[in-house]
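Under full-length UniProt numbering, the first residue of the sequence shown is numbered 1, with each subsequent residue one higher.
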Amino acid sequence: MADLVRSEVLHHDSHGDDAQDHTDQSILTRMARLRKNPINFAHELSLFVRGVDWRSYDNVVGQRVFYPGYTARLKSATMKSTILKKKIVDLTEARLRKEEDQYLLDPTSPMYAQEREKRRHEISSQLLDITDGMLDYMMCKMESKPYLRGAFYMVTQLLTRAYSAIHVSEAEVKRLREIATQAAKKKQSIIFLPRHTSHLDYVTLHLICYRLGLTLPVVVAGDNLNFPVVGNFLQSLGAMWIRRSFSDDQLYKTLVQAYIDTMLQQGFNLECFIEGTRSRTGKLLGPRFGILDFYLDSVLSGRTDDVYICPVSLQYDKVIEVDSYVSELLGKPKQKENLSDFLSSSSVLALNLGRIDCRFCEPWSLKGFLHQQQDRHDVSKPQHPFATSRDSDARVRLLRTLGYKVLSDINSVAVIMPTALVGTVLLTLRGRGVGKSELVRRVDWLCTRTRANRGKVADFHGMPTSYIVERALEVLGPKLVGTIDGLAEETYYAVDRFQLSFYRNMTIHLFISESLIAASLYTRVKQGGGSVHQSLKESELTEKVTFLSQLFRGEFIFPAGQGLQHNLEVAMEGLLREDVLQVSEDSDRIVGLSNAERKHGRENFDFYCFLIWPFIDAAWLGAVSLLAIVPPVDSTIKWIDMQKAQNMAQLAGRTLYHQGDLSYFEAVNKEALKNAFTRFQEEQIVIVAKSKDAKVGPTIQLAPDWMPARDPSTGDLQASGRLWDFIENISQFRREGKNRRDGAAVSTRVLRLAAKLNQELFDEAQTSLTEAAQPSGRDRRRRSKL
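So this is what it looks like as structure tokens:
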């Protein structure tokens, strides 16, 4: 850790230009408290009230915001949008045609023309009123600069009770300000696309933009956060509310597009979270394409000339909401946001949660990205190949490419925090606990490997690794990491492995390719014997890695740009250079563990295996749970509610874990199982049907060619067929356990549990179907009267 870049603290009373003096710095320091230091508290408050220096927020880089009339100006421009006016005309004409079909308007009437024109005016006026109301509810209302200064001061007071600092990179900030200056001159927007880990993400990025004198971005947020008091507060500081689902509301969708167009045309910055929701697992989620498609359409259509895309990584030493995340992942329903819960979670702000690190990827032109994609497809086409229907295959591929590029950029600038380093090491070591010196040694090794894979480690003023470890242990606290007294050396162990896995998952993107290689080789290593028996042909290794990478295609964000083969080659070179693996030079190219790795007890090889094993267990559990949705013999029910099937999978996972057939309790999490089911649907292992009724959830059944056979005499599921082979294929990569050495016994236990859950699931479905078919009490009373 000695080569970490040295950082300095930027205090609140310094000028904005001072932010360029150091390589890595904090833009947030502890603020004075009224009880502890009333004089400094009053001085700081006075600076904000008077708007001294950067606090005034007068000379911002970008378009002007926070002035009386801002909302009315944007609202007026949006209502004049060409696409919005056209949509209102189209909807009006569609309504008129419907009324004619229903004979509400009579074309044979002598007054038809006048009546039709009158109805057109009435319908158009009604649609305009509806649009005006929806827009007023939706749009941000940045009207008052004193309100902004007061809010900034209040939020900073709260935030500094929990976090010691927000660290940014001097070089990244300087680059961002330069591009923001260029964008302002061209009246172009910067779209900030941060990862979404916590509700504090909104606050953190706004604090940084305010402190650096950049135009605050308008935050695209779900209207589930628009609850009393807090909703108005956030809307006044830049939040715009959109529905979680647009359904088939054409007017609403066009209004969202018109409002976004208006902001982009006038050069206002925007911010949205590309994952769509907060990550409950600590790693990046797959991209959501909804809001991204609005930005894309604005540029593709030519309504906006260009915008800058700026991926952002926000990392926390400790995340406030992790406790609630664990509850949700274990199946507890997500609670609707409200003021009471908000204030309750804010009580956590009295704790020491370490610091926050924010990193900005170099902003890039969306139009430039589109030109690159056009050149890749067909440079000879005079018209842009993506300027077609939003539902076209070309547009869908373009959105996927754009979304995963943003996620890859976020990972490329992400900083690995001390808590993530310590959490990763604790969960990738064999044994009950680890001594202090060994923990420091392994964290030091992990820092080296992180940098070797082009990752970044949080900057701590060049302090030794022992200091970093102690600080991380202090932040994680005894609820996550325990210590044992009375031993010859300080010894630590993971108390809550499930919650600690959140921090481990913050590092896995750096080593995913190495982990897939290690897990593939492990299929031979766990068989034992000499080195010859624990090796694989390189072609066979590649085949196994390909299977795993396809299995986890929606689970991890793989390095972008060069494809699987390139990523595999780079990872293999690193493992050879690290002396974890060795490859024979003969024609067969045999891959195996190196002698040095064997001599050191496979510690580095095991590290990569431990990273991926919980996810392999989750994929295996998801596949095993499909056995429970196989219809019983002669059953009339074929479809099972998707949510009930996933709940049953969690129940199966908890059972298998406590019975010893599942190694990792982290595998029993809702997010991993949902990803597994999505993957099975993509591979057409299962068929999913969605109801037109939004209140009715999707249903699921196995595809016919994946349906396992049953014993003709007993009706029991048989350990054979395409699905069982798929389960066994995943199983070969799993960590060996005492209960899993006898494959036949495992098969028997798994099938027995699957049969039990299968019976319960279909009995419940039959009961629900019977109850739905019976008349209600009101119907029975009505029939008795008749």
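Think of the CB as a built atom: it goes at the ideal place given N, C-alpha and C, for glycine as much as any other residue. What you are looking at is a predicted structure, and each value in this text was computed from that prediction instead of being measured.
Determine the direct distance from the alpha carbon of residue j to that of residue i, and round the result to whole angstroms.
i	j	result
residue 770	residue 764	10 angstroms
residue 653	residue 663	10 angstroms
residue 458	residue 595	33 angstroms
residue 238	residue 360	20 angstroms
residue 299	residue 305	6 angstroms
residue 648	residue 762	11 angstroms
residue 499	residue 479	10 angstroms
residue 704	residue 752	22 angstroms
residue 600	residue 576	15 angstroms
residue 619	residue 551	8 angstroms
residue 216	residue 268	8 angstroms
residue 641	residue 701	9 angstroms
residue 248	residue 256	13 angstroms
residue 118	residue 79	22 angstroms
residue 206	residue 232	16 angstroms
residue 37	residue 43	10 angstroms
residue 667	residue 165	34 angstroms
residue 544	residue 55	57 angstroms
residue 195	residue 683	28 angstroms
residue 655	residue 430	24 angstroms
residue 538	residue 608	18 angstroms
Use the C-beta contact count for residue i: other C-beta atoms within 10 angstroms, 16 or more gives buried, fewer gives exposed.
i	result
residue 694	exposed
residue 39	exposed
residue 122	exposed
residue 485	exposed
residue 59	exposed
residue 772	exposed
residue 379	Note that residue 379 has pLDDT 46, beneath the 50 cutoff, so the model's placement of it is unreliable and no number is given.
residue 297	buried
residue 533	exposed
residue 263	buried
residue 760	exposed
residue 311	buried
residue 566	exposed
residue 748	exposed
residue 343	Residue placement at residue 343 is poorly supported in this model, since its pLDDT is 48, which falls under 50; the coordinates still yield a value, given next. Classification of residue 343: exposed, given that the 10 Å Cβ count is below 16.
residue 90	exposed
residue 174	exposed
residue 188	buried
residue 366	buried
residue 487	exposed
residue 646	buried
Just to confirm the assignment, what range does the alpha helix (DSSP H) spanning residue i have?
i	result
residue 357	Where residue 357 is concerned, there is no enclosing alpha helix (DSSP H), although the beta strand (DSSP E) it sits in stretches over 356-360.
residue 724	722-731
residue 146	145-159
residue 209	200-212
residue 503	497-504
residue 655	642-658
residue 637	From DSSP, residue 637 is part of no alpha helix (DSSP H); its letter is neither H nor E.
residue 518	512-525
residue 292	290-300
residue 192	Segment 190-194 is the beta strand (DSSP E) holding residue 192; no alpha helix (DSSP H) there.
So, under 8 angstroms CB-CB, residue i and residue j are touching, yes? Tell me the CB distance rounded to an integer number of Å.
i	j	result
residue 152	residue 67	About 17 angstroms; that fails the 8 angstroms criterion.
residue 603	residue 579	At roughly 12 angstroms, the Cβ-Cβ gap does not stay under 8 angstroms, so residue 603 and residue 579 are not in contact.
residue 244	residue 222	5 angstroms
residue 92	residue 124	5 angstroms
residue 559	residue 472	About 27 angstroms separates the two Cβ atoms, so there is no contact after all.
residue 202	residue 218	Residue 202 to residue 218, Cβ: 11 angstroms. No contact.
residue 167	residue 25	7 angstroms
Residue range of the beta strand (DSSP E) that residue i falls in?
i	result
residue 167	166-169
residue 308	308-316
residue 689	686-689
residue 128	Element bounds for residue 128: not the beta strand (DSSP E) but the alpha helix (DSSP H), 112-138.
residue 63	First-last for residue 63: undefined, no H or E at that position.
residue 227	Looking at the DSSP string, residue 227 is not in any beta strand (DSSP E), and its letter there is neither H nor E.
residue 221	218-222
residue 494	491-494
Compare the C-beta of residue i against all C-beta atoms of chain D and say whether one is closer than 9 angstroms.
i	result
residue 692	Absent here is chain D; the protein component of the structure consists of one chain.
Runs of alpha helix (DSSP H) wholly within the segment 240-273 (minimum 4 residues, chain order): Entirely contained in the segment 240-273, the alpha helix (DSSP H) runs reaching 4 residues are, in chain order, 250-265.
Every unbroken beta strand (DSSP E) inside the segment 533-611 [3 residues or more]: 581-583 and 590-593
Segments of 4+ residues assigned as alpha helix (DSSP H) that fall wholly inside the segment 409-487: DSSP runs (the alpha helix (DSSP H)) wholly in the segment 409-487: 418-426, 436-452 and 465-476.
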